[in-house]
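A.B. asks:
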Amino acid sequence: MTSSRYFSNPGNRRTTTRPVVINPEEFDRVATFYRRQPQNDPTPLYRLPGLASVTGLGEIWLKDESQRFDLPAFKILGVLYAFERIFEAQPKNSKLVVACASAGNHGRAVARAARMHGLSAKIYLPVSVAPARIDAIVSEGAEVVVTDQGYEGSIRLVNTEAKRKGWQVVSDTAWGGYETIPRWIMAGYSWLMEEASLQWASNKPPDAVFVQAGVGGLACAVLTWLDWKYGSERPYVIACEPSAAPCLLESARAGQPVAVADRDTMMACLRCAEISPVVWPVIENGFDAFVAVDDKCVADTIRQLAYPNAGDPTVVAGACGACGLAALLAVMNDPSLRSVRETAKIGPDSRVLVINSEGATDPEIYRSIVN
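When we follow this note's numbering, the leftmost residue of the sequence shown carries the number 22, and every step to the right adds one.
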């Protein structure tokens, strides 16, 4: 089942063994780590009964990551855990410089974690990054380098410079010879699912999960955790991307990792032309479907959350944060996506989970949308 906006995965295998992307024991280590963090207050799992009713669903659950460790995105979960694992493997040296490339949220998380550990950070950003995101990273004490490249080019630049100067790269995307830290970062993301499962404990798990995908780290973490927790009975999982940068969708369609054109989108942290190679086994035969949404769909969803239906909470969502819910609303309301809805078997009795992965990380864009 294919179109320019969706792809239902014929390679999905729920009952056979896939290559291990995140070791199951890692999930237990993540849970142990976060249970002992004094500032680890749970983020809310909101019910949206008003929106569910008008959309034709039983329940919509929204895991709100717009305030995680006092940062407006989920990324810190992966980074803090990766720092923990790095310093288990090697002694911490106060002169160590950590570095990464980022479209904004990951870079700020690395800068915050470096500051917490008393380390210096160098954050390389693509030329298109908004000034507010640059200022936020600088406020964490990091040195910012704005490149003349896109996201993938910035990764190559920081990797080259790190090799030359002996920096420790803490990247959420992998490449040949660099996979361990991205795996740790993905494992760290799984805590939001563990936390959500405790919040829905009195209910059955969701029937479907819509999760954002940039290079694929969060999406892979969510699906792998669901596999680990529920096996073949896990929810139906749909990866959601910008229509301007659907690298997971197009890779799944091609049957191999492919690069897509680098086009502008307000979903800046999902503007990724290439998948992280380490997630390919999950893309190839793990996800049930892929859906791409455009900026207008996302802007409408941001407004929906800012001015909610009666009985629903007000939620501040950035463009990337709204992507998953935007995809759900498109699947439920767009006749061209009816086959996705039918294949996923979601309807009036269904429980669906979405993740608000970021708050208003670009306040100017957010104000222009909601006002």
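Glycine is no exception: its CB is placed at the ideal position from the N, C-alpha and C atoms.
Can you check which of these residues, Arg-154, Pro-334, Asn-306, Ala-340, is closest to Gln-233 by C-alpha distance?
C.D. replies: It is Ala-340.
A.B. asks: Whole beta strand (DSSP E) runs in the segment 253-312 with 3 or more residues, listed along the chain?
C.D. replies: As far as the segment 253-312 is concerned, its whole beta strand (DSSP E) runs of at least 3 residues are 257-263.
A.B. asks: Assuming Asn-126 and Lys-96 make a contact with CB atoms under 8 Å, what is their CB distance in whole Å?
C.D. replies: Indeed they touch by this definition, with Cβ atoms about 5 Å apart.
A.B. asks: My assumption, with CB atoms under 8 Å, is that Glu-379 sits in contact with Gly-345. Please give the rounded CB distance.
C.D. replies: That belief does not hold up - the Cβ atoms of Glu-379 and Gly-345 are roughly 11 Å apart, past 8 Å.
A.B. asks: Report yes or no: do the segment 107-122 and the segment 70-84 share at least 3 C-beta pairs separated by less than 8 Å?
C.D. replies: Cβ pair count under 8 Å is below three, so no.
A.B. asks: Would you mind stating whether Ala-351 and Val-312 have Cβ atoms separated by less than 8 Å?
C.D. replies: Contact flag set, yes.
A.B. asks: Closest by CA to Trp-212, which one among Thr-364, Ala-365, Tyr-102?
C.D. replies: Cα-wise, what sits closest to Trp-212 is Tyr-102.
A.B. asks: Evaluate contact between the segment 180-188 and the segment 46-60, counting only Cβ atoms and requiring at least three cross-stretch pairs below 8 Å.
C.D. replies: At 8 Å Cβ cutoff, the stretches do not touch.
A.B. asks: List the residues that DSSP assigns as beta-bridge partners of Val-232.
C.D. replies: Paired residue(s): Ala-260.
A.B. asks: Out of Glu-47, Pro-369, Tyr-387, state which residue places its alpha-carbon closest to the alpha-carbon of Met-207.
C.D. replies: Nearest of Glu-47, Pro-369, Tyr-387 to Met-207, Cα basis: Glu-47.
A.B. asks: Sorted by chain position, which residues of the same chain lie with C-beta nearer than 7 Å to Ile-390's C-beta, five sequence neighbours on each side aside?
C.D. replies: So the qualifying residues of the chain are Ala-320, Ile-323, Arg-324.
A.B. asks: Going by other Cβ atoms of all chains shown within 10 Å of its Cβ, with 16 needed for buried, is Pro-334 buried or exposed?
C.D. replies: Pro-334 should be labelled exposed.
A.B. asks: Could you say which of Ala-94, Lys-225, Tyr-27, Pro-203 lies nearest to Asp-370 if we only look at CA atoms?
C.D. replies: Here the closest residue by C-alpha is Lys-225.
A.B. asks: Would you call the segment 263-276 in contact with the segment 285-297, where contact means no fewer than 3 C-beta pairs closer than 8 Å?
C.D. replies: Touching, yes.
A.B. asks: At which residues does the beta strand (DSSP E) containing Val-118 begin and terminate?
C.D. replies: Looking at the DSSP string, the run of the beta strand (DSSP E) that includes Val-118 is 118-122.
A.B. asks: Which value, in whole angstroms, describes the spacing of the CA atoms of Leu-270 and Ser-297?
C.D. replies: Spanning the two alpha carbons is a distance of roughly 13 Å.
A.B. asks: With DSSP as the reference, identify every bridge partner of Trp-249, one or two as the case may be.
C.D. replies: BP columns for Trp-249 are empty, so no partner.
A.B. asks: Decide if Asn-44 is buried, meaning its Cβ has at least 16 other Cβ atoms within 10 Å, or exposed.
C.D. replies: It counts as exposed.
A.B. asks: Rounded C-beta distance between Arg-133 and Glu-161? I'm assuming under 8 Å.
C.D. replies: The pair is a contact, with the Cβ atoms about 5 Å apart (cut-off 8 Å).
A.B. asks: Ignore the nearest five residues each way along the sequence and tell me which others in Glu-215's own chain have a CB closer than 6 Å to its CB.
C.D. replies: If we look at Glu-215 and ignore the five residues flanking it on each side, its Cβ neighbours are Ala-52.
A.B. asks: Rounded to whole angstroms, what is the Cα-Cα separation between Gln-170 and Asp-156?
C.D. replies: Between Gln-170 and Asp-156, the C-alpha separation is close to 19 Å.
A.B. asks: Helix, strand or coil: how does DSSP classify Gln-189 here?
C.D. replies: Gln-189: strand per DSSP, three-state reduction.
A.B. asks: Please name the residue, chosen from Ser-272, Gln-277, Ala-142, Asp-228, that lies closest to Ser-192 on a Cα-to-Cα basis.
C.D. replies: Looking at the Cα atoms, Ala-142 is the closest of the given residues.
A.B. asks: Report yes if the C-beta distance between Pro-147 and Thr-168 is below 8 Å; otherwise report no.
C.D. replies: Yes. Within cutoff.
A.B. asks: Suppose you measure from the CA of Ser-115 to the CA of Val-159; what does that come to, to the nearest Å?
C.D. replies: Using only the alpha carbons, I get a separation of about 20 Å.
A.B. asks: Roughly how many angstroms lie between the CA atoms of Leu-78 and Gly-237, to the nearest whole one?
C.D. replies: Rounded to whole angstroms, Leu-78 to Gly-237 spans 27 Å at the Cα level.
A.B. asks: Classify Phe-28 as helix, strand or coil using the three-state DSSP reduction.
C.D. replies: Here Phe-28 sits in strand by DSSP.
A.B. asks: By Cβ distance, which residues of its chain are closer than 6 Å to Val-230, with the 5 residues on each side in sequence left out?
C.D. replies: Result list for Val-230: Pro-256, Val-258, Leu-374, in chain order.
A.B. asks: Decide if Phe-108 is buried, meaning its Cβ has at least 16 other Cβ atoms within 10 Å, or exposed.
C.D. replies: Counting Cβ neighbours within 10 Å, Phe-108 comes out exposed, since fewer than 16 surround it.
A.B. asks: Under the three-state reduction of DSSP, which class applies to Lys-84: helix, strand or coil?
C.D. replies: Of the three classes helix, strand and coil, the one that applies to Lys-84 here is strand, per DSSP.
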